[in-house]
Amino acid sequence: MTEQSLLSLLAKLLPTSSLLTSEEALKPYECDGLSVYRGLPLAVALPETIEQAQAIIQLCQQHHTPIIARGAGTGLAGGAMPTKGAIVLSLAKFNKILDIDFDNRTATVQPGVRNLAISEAVAAQGLYYAPDPSSQIACTIGGNVAENSGGVHCLKYGLTVHNVLGLKFLTIDGELIELGGKNLDDAGYDLLALMHGSEGLLGVIVEVTVKLLPKPEVAKVCMAVFDDIEKAGQAVCDIISEGIVPAGLEMMDHLAIQAAEAYAKVGYPIDAQAIVLCEIDGTEHGVMDFIEKVEIVLKKAGAVDTQVSKDEVQRLQFWAGRKAAFPAVGRLAPDYYCMDGTIPKSRLAEVLKQIAVWSDEFGLPVANVFHAGDGNMHPLILYDANKTGELEKTEAFGKKILQLCVQVGGTITGEHGVGVEKLDSMCVQFGTLELSQFHAVKNAFDAGGLLNPGKAVPTLHRCAELGRMHVHNGELPHPELDRF
Amino acid sequence: MADISKQLHLQVQEAYASKTALNIIGGDSKTWYGRVPQGEPLHVSGHSGVVNYMPSELVITVRAGTKLSEIADVLDKHGQRLPFDPPYFGEKATVGGTVACNFSGPRRPYAGSCRDYVLGCTMLNGKGEMLKFGGEVMKNVAGFDVSRLMAGSLGTLGVLLDVSFKILPHRLAEQTVVIDAGFKQAIKLMNHWAGTPLPVTAMCADGDMVYFRICGTPSSVARSMQEIGGSLFDDGKNFWKDLREHQLDFFETDKVLYRLSVPPAASFELLDGTQANDWFVGWGGAQRWLKSNLPFECVQTYAKALGGHARIMRGGDRKEEVFAPLQPALMKLHQKLKSSFDPKGILNTGRMYKDL
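Chains G and E, in that order, are what the protein sequence lines are.
With the working numbering applied, the first sequence covers 105 to 588.
With the working numbering applied, the second sequence covers 1070 to 1425.
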């Protein structure tokens, strides 16, 4: 079967406007949020119904054509990057909220519904959907499931996998599988867990039922300023050791503070070596009890200054600098390269010191922003892609950082996913036996290897060197989104 | 306190070579759960001890044969706990068995399930390969989430060796209040309060009363008690423990004990052939216990109509199916997945479903 005849069969399944085939129409789909990796698919199909999606999948399966499911395309690891000859299955038209059940506190939505749209739809009833990836105004819930997205509040409220109750997905055979529902568990294996973070390799998600939580009555932030990054790292550990579970616990280093202040002008002290932001939410009484405790712990840990947000305006102001950190750092150099490793918190000082040593060796500055509460670090390596060899140098540096994360007991990716970006680092994280087991799992779902092939799990004999989140001249892909 | 992983590794390799069916046994406290166990015993209780505990990381890694009671003691010294409130169902209960069953206690709807807190594991698959998935950090999206898949798989995919959990601190204060209410009213009340930000961490109903446990700082507990109303229940601590361990009078029965997992607000209509005192409603309405000798199909049909599923928890004919039937395409997927971990079908085969 030629590509042309596949396209003509696809055209019979969809209205003309729902099948894109011209190069011009395909261009917007050539990459996701990681724009250094691009490829043009054979076509983009935009089904509107499960039946249409089923028919497309079955047709592709019959013709051994790869299928790449896609949500909003905001992913940062190239998980939705098209490959030559593949069909991109866009879920953009699956954008309806199907059911909001206030009694059971659930929302059942199509996968193309935006993360934030769920919370907006239930806000009047005092409910919200907890996971808040930084791209939440644009990213879709289907993509959140595929990546098991995190956010600033996941230390307390969990990742996507902790907040999804049910899924419907299509197998490569076009079978509709239903997992879970509005209840808390299901019979059989926990495929719901397995589907989370599977990056489109196991099935195509067509419906998601999420858990809704009551909005906390109040939230307060304590901002603490440190003249030493080691003290700040210890302070983070001390807060947790005191039995406090913050809603958010974030940290920035000197370079990130300077950049953020210059950009957002929120009143961060620019000579500080580190800032810790600790948010407590809950009922009014509980928050007051804990935020006092937080301030005491931070002072005891050596903070030179602490401030508790007096009101909502000030709370948002404290956060504004942190949320602007990525674009702010983007102004310091023509390009930056964002890492996403996770480490045990207690190893933070050691890891930052090593990064500083390498930074000198490579001659590349690094700004550090850090989801300190859960150990997820985002070192931003500053470089200039127009200088010969600098990108390669940066990539080598980045790879060393990820290796270090694994060495100290952490992981190569906390929340951005593997995609095409970290295939090589997967070989650092896992041995041959684990990778073989991953391939066996993939094989159980998709023996022909047609669902998003070549992503997430490297082949045993090929751990290709691939790139990372790339920012040129301060311009992020999706510059309208906060990145934090 | 010993590491017998090498010995277990060898045993599974030998069983793979000779295609010998294995029956994985931890503390032997849950033999009554699932279908009748078959195969040569593989004892893992000797593989015990805390491997790594980092209170400030909120992470503990333990060998699968470690007793739940030991883990509770270790964590308690640092004011921490396993957040999912695991039922023991026997003093010898091990953490490996708990994960294999994915058992969680009364706190589950508010704090999360056993599987929610699994961060990583080391395991032996059915080929006798020692594999390590996940890790000791809270955010980790490298590779398929095999660790959480292991929770509730009843040992049919692998032999757990070590498991890492996210842990949480104890709450500062705790009180239980009760309000007179039949099941219908109780389900309404429980779902009402679950929809508010009050720190309620357990709710159940026995047909006469509805019970609320409130945990938090002393001032937030006091305020929540005022709002919810009702009267103070003195023996709250023991009540929730007895519920968790099925030691309340309700659970003393010669009949089959069914467990129904349904949407929490699903209305309470008596199933024909049952009476109100055959029922107990836990998890704020989401987990309902029924003692009855009605056929499984009948209870299953009822649960399905409510948007959930039923299983036989204790008793009944365990040579037959005890878990809710899976749609054919889903069962096929289960079989392929089982085969990807255990190609010769030697690990706890038949414990979950006849054909798995």
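Don't be surprised by glycine CBs; every beta carbon is placed ideally from N, CA and C.
- Of all residues in the region 280-292 of chain G, only Leu280, Ile281, Glu282, Leu283, Gly285, Lys286, Asn287, Leu288, Asp289, Asp290, Ala291 and Gly292 place a beta-carbon less than 9 Å from a beta-carbon of chain E.
- E:Lys1161 and G:Gln166 have their C-alpha atoms some 53 Å from each other.
- G:Ile222 has a beta carbon lying at 8 Å or more from every beta carbon in chain E.
- Residue pairing of E:Phe1202 in beta bridges, as defined by DSSP: E:Cys1190.
- The beta carbon of E:Leu1267 sits closer than 6 Å to those of Ser1293, all from its chain and outside the five residues before and after it, given in chain order.
- Minimum Cα-Cα distance from G:Leu269 among the listed residues E:Val1210, E:Ala1291, E:Phe1158 and E:Val1331 corresponds to E:Val1331.
- Segment contact: the region 1277-1288 of chain E against the region 335-342 of chain G, fewer than three CB-CB distances shorter than 8 Å; contact not assigned.
- At least one CB of chain G lies nearer than 8 Å to the CB of E:Pro1178.
- Across the region 523-546 of chain G, CB contacts with chain E closer than 7 Å involve Met530, Gln533, Phe534, Leu537, Glu538, Gln541, Phe542, Ala544 and Val545, in sequence order along the chain.
- Straight across, the Cα-Cα distance linking G:Leu381 with G:Asp409 is about 12 Å.
- For G:Thr178, the secondary structure class from DSSP, reduced to helix, strand or coil, is coil.
- Judged by DSSP secondary structure, E:Pro1287 falls within the alpha helix (DSSP H) whose first and last residues are Pro1287 to Ile1297.
- With distances taken between CA atoms, G:Ala407 lies nearest to G:Gln377 out of G:Gln377, G:Asp393 and G:Gln418.
- Ranking E:Trp1101, E:Ala1086 and E:Leu1077 by CA distance to the CA of E:Ser1117 puts E:Leu1077 first.
- The C-alpha of E:Pro1124 lies about 25 Å from the C-alpha of E:Val1215.
- Per DSSP, G:Ile204 is not a residue of any alpha helix (DSSP H); the beta strand (DSSP E) it occupies stretches across Ile201 to Asp205.
- At least 8 Å separates the beta-carbon of G:Thr125 from that of E:Lys1208.
- Going by beta carbons, E:Val1131 and E:Asp1231 fall inside the 8 Å limit.
- Within chain E, Asn1260, Ala1263, Gly1264, Pro1333 and Ala1334 have C-beta atoms less than 9 Å from the C-beta of G:Arg209, given in sequence order.
- Counting along the chain, the unbroken beta strand (DSSP E) around E:Pro1110 starts and ends at Glu1109 to His1112.
- Taking 7 Å as the Cβ-Cβ cut-off, the region 296-308 of chain G approaches chain E at Ala297, Leu298, His300, Gly301 and Ser302, given in chain order.
- When beta bridges are read from the DSSP output, G:Gly246 appears opposite no residue.
- Under the three-state reduction of DSSP output, E:Trp1352 falls in the helix class.
- Interface annotation, E:His1315: not in contact with chain G, CB-CB separation never under 8 Å.
- Bounds of the beta strand (DSSP E) holding G:Pro483 are Asn480 to Tyr487.
- Per DSSP, reduced to three states, the secondary structure at E:Tyr1280 is strand.
- With its beta carbon less than 8 Å from one in chain G, E:Leu1402 belongs to the interface.
- At a Cβ-Cβ threshold of 8 Å, E:Cys1190 and E:Gly1181 do not count as neighbours.
- Close to E:Lys1405, with beta-carbon spacing below 9 Å, are these residues of chain G in chain order: Asn547, Ala548, Phe549 and Ala551.
- Per DSSP, E:Arg1380 is one residue of the beta strand (DSSP E) stretching across His1378 to Arg1383.
- By the Cβ test, the region 1329-1346 of chain E is in contact with the region 1239-1255 of chain E, since at least three Cβ pairs between them sit closer than 8 Å.
- Note on E:Arg1240: 16 or more other CB atoms within 10 angstroms of its CB, so buried under the neighbour-count rule.
- G:Ile276 and G:Leu555 have their C-alpha atoms roughly 7 Å apart.
- In this chain, the beta strand (DSSP E) harbouring G:Gly352 covers Gly352 to Asp357.
- CA-to-CA, the gap between G:Ile485 and E:Lys1136 works out to about 46 Å.
- Secondary structure note for G:Thr536: its alpha helix (DSSP H) is the uninterrupted segment Thr536 to Phe549.
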